[in-house]
């Protein structure tokens, strides 16, 4: 990426005018090479719109970044073959279309500062100063972080320096030239980085890259820190038994893993991240100085977790209530239903079961996540369907009456705008974006979208923080759901007396008939009391299953896979 500075100079004589243009191209790398890149102190470059030009956490592979030349038509059959070699991509309503059409990273920056640094008050103030180009001399403080910014003169860029006051930087000054490794059947070394020594190790397979690092002699990188870290695990590697996995029982391996894990104080909770059809459960491991050592976790496909939960509810007798009385849901702390006994598609609880979500909210079991005064998170890359009319051009709504509505409808029918809209609707196929097909520029139907910044609330469900009150509330919620469902079925199908056996519609399945027969009679208090008694045991059963069986299975997964 280049930043071009140019000026126009000239001299005027009596009969002619001479002009000349001189300029200089400055690579962005010239600026980024001067910025700090540590964990304690790092630099950021943004433009005057708050869009990131450089961030140490934003790494774009050079082989996947390409310049986009806008054109009216593109050859759809050659999109993937011509990537990076004169590819011409049509201009859409959003730069995000490049992702869909090509599958590569667009060279046009579109990532906002708040997406990486968070939507806090300090970051918003910093972004405002950048937009107004009046960076203050004093730092903007947020907890232990300090933000310094400066506007680069005669350029569209600003530089931000972020300092973490309570975080320390490690500087290793010792020169280490040798590496001491331990070779046993149970110990192996793996090097994930491919760019060391100017990509000299990239041609090697992943399982042989570490051996290549030991044998390399000419390297521009300082490998003293890397060699010292390898030498530091020598004592730990020697503590493993010098036998193969075929002769060593699994019990020894798992006990060794537990001993290693026991020495670390894990103080964080399990976090869940939902990525399209994948759920990731992870947690951080900290040392006694509260420094994060590693992040461990497991990744499930959504359909696998849903099928696993349904098998538990079908085969385990403790989950019999889920098959006969209620619907059992497996909900994350953020309110996302990852599995259910109904087999429905996973979704957020607010859309999966709005009545249950509202009941939890009424009983103070749902709260808005608040960390460092952050109540929402902003998706600066959100998209919405483009509108024909500007929302700010409409006047304020006034009182309406039937006569006025009739007059407005008639005026709309005879107005020019109505017929213009009809015309655009009829030629919508021809007015869409063009594409090249068979050497002919054809038009295709597209949905125009606009880029927007959308503020989203993050909810937290805290059932485990209410103690004994939890059982009473859960019992009341479950009974309310059962009553609501039976009343709904009663209104739809009526009672058993309303449907003789020989005339029952086939749409009323066996389960519905059983519910209608045994649970719908509203005046039968004895059956309702029995239902409440059965439901009161559900929290205890769920607690026992989660405490013993589910935790045991996760513990086995952790041992087997060494998370």
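In UniProt numbering, the protein residues as written are 1 to 563. C-beta atoms are modelled at their ideal positions from N, C-alpha and C, and glycine is treated no differently. Note that this is a predicted model, so its numbers are computed, not measured.
Under the three-state reduction of DSSP, which class applies to residue i: helix, strand or coil?
i           : result
residue 206 : helix
residue 94  : Here the model assigns residue 94 a pLDDT of 44, short of 50, so the residue's position is not dependable, and the following value carries that caveat. In this structure, residue 94 counts as coil in the three-state DSSP scheme.
residue 143 : coil
residue 192 : coil
residue 122 : helix
residue 235 : helix
residue 347 : strand
residue 320 : helix
residue 54  : strand
residue 410 : helix
residue 216 : coil
residue 521 : In this prediction, residue 521 has a pLDDT of 44, which is less than 50 and means its spatial position is unreliable; nothing more can be read from the coordinates.
residue 362 : helix
residue 199 : helix
residue 355 : helix
residue 130 : helix
residue 221 : coil
residue 184 : strand
residue 293 : strand
residue 270 : coil
residue 405 : helix
residue 230 : helix
Is the beta carbon of residue j closer than 7 angstroms to that of residue i?
i           : j           : result
residue 122 : residue 144 : no
residue 331 : residue 349 : yes
residue 318 : residue 302 : no
residue 46  : residue 126 : no
residue 43  : residue 52  : no
residue 320 : residue 297 : no
residue 57  : residue 116 : yes
residue 341 : residue 353 : no
residue 148 : residue 139 : yes
residue 310 : residue 343 : yes
residue 186 : residue 240 : yes
residue 209 : residue 223 : no
residue 40  : residue 227 : no
residue 270 : residue 284 : no
residue 135 : residue 150 : yes
With residue i and residue j assumed to form a contact (beta carbons below 8 angstroms), what rounded beta-carbon distance in angstroms separates them?
i           : j           : result
residue 460 : residue 333 : 6 angstroms
residue 130 : residue 50  : 6 angstroms
residue 274 : residue 336 : 5 angstroms
residue 54  : residue 28  : 6 angstroms
residue 323 : residue 314 : 7 angstroms
Looking at the secondary structure, which residues open and close the beta strand (DSSP E) in which residue i lies?
i           : result
residue 42  : 41–47
residue 172 : Note, residue 172: premise wrong, no beta strand (DSSP E); not H, not E.
residue 329 : 329–331
residue 282 : 278–286
residue 342 : No beta strand (DSSP E) contains residue 342, which DSSP labels as neither H nor E.
residue 459 : 459–461
Could you give the first and the last residue of the continuous alpha helix (DSSP H) run that contains residue i?
i           : result
residue 153 : Careful: residue 153 lies outside any alpha helix (DSSP H) and carries neither H nor E.
residue 29  : 28–32
residue 304 : 302–315
residue 116 : 113–117
Check your understanding: Does the region 179–192 come within contact of the region 206–216, defined as at least 3 CB pairs closer than 8 angstroms?
Key -> With a cut-off of 8 angstroms on Cβ pairs, the region 179–192 is in contact with the region 206–216, counting three or more such pairs.
Check your understanding: Should the region 192–202 be regarded as contacting the region 147–161, the criterion being three or more beta carbon pairs within less than 8 angstroms?
Key -> When Cβ pairs closer than 8 angstroms are counted between the two stretches, the region 192–202 is seen not to touch the region 147–161, the count staying below three.
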